[in-house]
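Undergrad:
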Amino acid sequence: MRPVSRIALAGVLSLGFLAAGAVGAQQALTRVPAEVQAGSYKLDPAHGKITWSVDHLGFSTYVGQFVNVQADLTLDPANPANSRLTATIPLTEVDSNSDGLDAHLQTPDFFDTANHPVATFVSRSVAVDSDAPSEATVVGDLTLRGVTRPVTMEVEFNQAGQSMGAYKAGFDGEATIRRSDFGINFALPALGDEVKLHIEGEFVRQ
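One rule links them: number in our numbering = place in the sequence shown (from 1) + 5.
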């Protein structure tokens with residue numbers, strides 16, 4: 006039997022190390038909320054956005070996004086009720102796929118960004134679903150156009166772990182608001198009052 010060459014042996018060992026590394030990286034991720042590292046997190050703005058949708062005159066559902074959202078999250082997996090979320094949404098950073106609508110949204114008809122350039126959200130309570138530990142109800146105060154109203158957000162934990170040199174935790178959220186509650190009455194009722202929000206966020210542990 007011919008001896009295995011050093012090059013072949015090195016190749017086998019290299020593949021073994023790569024495979025072990027891949028398995029280790031995979032094992033480092035968790036979808037179990039109780040296994041997530043506690044601490045302070047910041048939203049990665051490149052992987053965090055709010056997608057909104059509203060009925061457009063009965064013809065379609067119009068969709069747009071807020072980007073460059075800033076958010077801070079305090080996670081306490083052992084006592085989820087102690088977790089806190091605060092977010093700042095720059096209303097000028099809206100993308101509706103229409104330059105004309107983006108400009109119109111800045112006016113007093115909608116966001117009035119000359120006087121209210123940002124919206125803010127501050128959580129007041131976090132309650133984990135006892136039957137589905139990866140799901141939670143977050144209740145907080147949304148301030149938009151200088152008006153503050155309570156908003157309930159249904160949140161789902163995706164996973165957490167080491168990725169790209171940092172420890173991250175990812176979540177999705179859903180909420181529904183009425184724009185008239187915040188004084189945005191333009192074109193009601195033809196243009197929908199109910200606005201659905203889908204929130205996506207990757208948070209980096211600090």
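Idealized CB from N, CA, C, for every residue including glycine.
Do you know how far the Cα of V209 is from the Cα of A171?
TA: Using only the alpha carbons, I get a separation of about 7 Å.
Undergrad: Put E98 into one of helix, strand or coil per three-state DSSP.
TA: Coil.
Undergrad: Taking the DSSP output, what are the residues bridged to P155?
TA: P155 is bridged to D146.
Undergrad: For V160, write down the residues that DSSP places opposite it in a beta bridge.
TA: For V160, which the question treats as bridged, DSSP gives the partners A141, G178.
Undergrad: For G105 and D117, what's the separation of their Cα atoms in angstroms?
TA: In a straight line, the C-alpha of G105 is about 15 Å away from that of D117.
Undergrad: Quick check on DSSP: helix, strand or coil for L90?
TA: In the structure shown, L90 sits in a strand (DSSP, three-state: E or B).
Undergrad: What does a CB cutoff of less than 8 Å around F191 pick up in its chain, not counting 5 residues either side in sequence?
TA: If we look at F191 and ignore the five residues flanking it on each side, its Cβ neighbours are D114, F115.
Undergrad: Give the single residue among K201, E207, N73, A39 whose Cα lies nearest to the Cα of S227.
TA: Because the chain spans 6 through 211 in this model, residue 227 falls outside it and cannot be assessed.
Undergrad: Put R183 into one of helix, strand or coil per three-state DSSP.
TA: Strand.
Undergrad: Does the stretch 36-50 come within contact of the stretch 96-112, defined as at least 3 CB pairs closer than 8 Å?
TA: No contact exists between the stretch 36-50 and the stretch 96-112.
Undergrad: Taking 6 Å as the limit between beta carbons, can you name the residues of its chain near G53, skipping five residues before and five after?
TA: For G53, where only same-chain residues beyond five positions count, the Cβ hits under 6 Å are V74, G206.
Undergrad: I need the DSSP call for L110, collapsed to helix, strand or coil.
TA: Helix.
Undergrad: Residues in the same chain with beta-carbon distance under 7 Å from Q164, minus the five sequence neighbours each way, listed in chain order, please.
TA: Around Q164: L34, T35, R36, G175.
Undergrad: Looking only at C-alpha atoms, which of Q70, T112, I189, M169 sits nearest to V152?
TA: Comparing Cα-Cα distances from V152 to each of Q70, T112, I189, M169, the minimum goes to I189.
Undergrad: Put G1 into one of helix, strand or coil per three-state DSSP.
TA: In the structure as shown, the chain starts at 6 and stops at 211, and residue 1 therefore has no counterpart that could be examined.
Undergrad: Among R150, G178, E159, G197, which one has its Cα closest to the Cα of A119?
TA: For the residues R150, G178, E159, G197, the minimum Cα distance to A119 belongs to R150.
Undergrad: Taking only the alpha-carbon atoms, compute the straight-line gap between K201 and S130 and give it to the nearest angstrom.
TA: Using only the alpha carbons, I get a separation of about 21 Å.
Undergrad: Please classify R154: is it buried, with 16 or more other beta-carbons within 10 angstroms of its beta-carbon, or exposed?
TA: Exposed.
Undergrad: Under 6 Å Cβ to Cβ from V59, same chain only, skipping five residues before and after it: list those, please.
TA: Closer than 6 Å at Cβ, skipping near neighbours: Y67, G197, V200.
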